[in-house]
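*Asks:* Take this structure, written in structure tokens, and hold onto it; I'll ask about it next.
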Amino acid sequence: MPEREVTQIMVGGHRIGSIDLNPALEEVARDFAGRPEAEIKATLMKRLGRSNYIVEKARAGYEEAFYREYRKFVGEPLPDDPSGPLQIKVLGPGCPECDRLERDLMAIMAELSLPADLEHVRDIKQIACYGVMGSPALVIGGKVMAVGRVPSKSQLKQWLAASRR
Numbered sequence: 001m002p003e004r005e006v007t008q009i010m011v012g013g014h015r016i017g018s019i020d021l022n023p024a025l026e027e028v029a030r031d032f033a034g035r036p037e038a039e040i041k042a043t044l045m046k047r048l049g050r051s052n053y054i055v056e057k058a059r060a061g062y063e064e065a066f067y068r069e070y071r072k073f074v075g076e077p078l079p080d081d082p083s084g085p086l087q088i089k090v091l092g093p094g095c096p097e098c099d100r101l102e103r104d105l106m107a108i109m110a111e112l113s114l115p116a117d118l119e120h121v122r123d124i125k126q127i128a129c130y131g132v133m134g135s136p137a138l139v140i141g142g143k144v145m146a147v148g149r150v151p152s153k154s155q156l157k158q159w160l161a162a163s164r165r
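Mapping of the sequence shown onto the numbering used here: position 38 corresponds to residue 38, and the numbering continues sequentially without gaps.
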């Protein structure tokens, strides 16, 4: 049996694993470009419902999450997602600098008692969706804050404290 690809996404403020999301996004982007939002959402739910268990009462949340991932995949701008904790992403292949940035962020989040979802994105295709050309890169609340360098701890603390407001 071929290996299935699992991608982490946010559904209703919770991180979940979605099986075969990227192949479905590629197909829908190719076959349904320019179609109405409702049709794209229905198609994503149908295709992803085959490989993912989706509880009936959570369908609306999954539909929105899948559509959000679709919009990100095709490069459409996304509004802030107020449904969950602050989203922080370290973009990079896992080099020592990327790992240091991730450790610094964890330490500062603990120091500030800041609830946030910190993710280290290592997949080149997912990194490309952010349009950054250097690593490490830092994304806080959907906004690219730094590219190609590790910001100082004082700068990180300032950005994280400001994001709390």
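Cβ coordinates follow ideal geometry from the N, Cα and C atoms, glycine included.
As the structure is a prediction and not an experimental result, all values here were calculated from the model.
Alpha carbon to alpha carbon, what distance is there between W159 and G131?
*Replies:* Going from the Cα of G131 to the Cα of W159 covers about 21 angstroms.
*Asks:* Three-state secondary structure (DSSP) at I124?
*Replies:* Note: I124 maps to helix in three-state DSSP.
*Asks:* Going by DSSP in three states, S152 sits in which element: helix, strand or coil?
*Replies:* Coil.
*Asks:* Thinking just about the alpha-carbon of each residue, which of K125, V74, I140 is nearest to the one in E102?
*Replies:* The option with the nearest alpha carbon to E102 is I140.
*Asks:* Using three-state DSSP, classify S18 as helix, strand or coil.
*Replies:* Strand at S18.
*Asks:* Output the residue ranges of the alpha helix (DSSP H) runs that lie fully inside the region 60-137 and measure 4 residues or longer, sorted by chain position.
*Replies:* Whole alpha helix (DSSP H) segments, 4+ residues: 96-112, 124-128.
*Asks:* For A33, which three-state DSSP category applies?
*Replies:* Coil, per DSSP.
*Asks:* Skipping 5 residues on each side, what residues in its chain have a beta carbon closer than 7 angstroms to that of K168?
*Replies:* Not covered by the structure: residue 168. The range shown for the chain is 1 to 165.
*Asks:* Over the uninterrupted beta strand (DSSP E) stretch that includes A146, give me the two end residues.
*Replies:* Run containing A146: 143-147, per the beta strand (DSSP E) assignment.
*Asks:* Considering only their Cβ atoms, is the gap separating A116 from L86 smaller than 8 angstroms?
*Replies:* Yes, they are a contact pair.
*Asks:* Please tell me whether H120 and V90 are closer than 8 angstroms, where the distance is taken between their beta carbons.
*Replies:* Contact: yes.
*Asks:* To the nearest angstrom, report how far apart L48 and D20 are at their CA atoms.
*Replies:* L48 and D20: Cα-Cα distance of roughly 7 angstroms.
*Asks:* H14: which of K157, A65, S163, R164 sits nearest, CA to CA?
*Replies:* Measuring from the Cα of H14, the nearest candidate turns out to be A65.
*Asks:* Taking the Cβ atom as the reference point for each residue, do V6 and A58 lie within a distance shorter than 8 angstroms?
*Replies:* Going by C-beta atoms, V6 is not nearer than 8 angstroms to A58.
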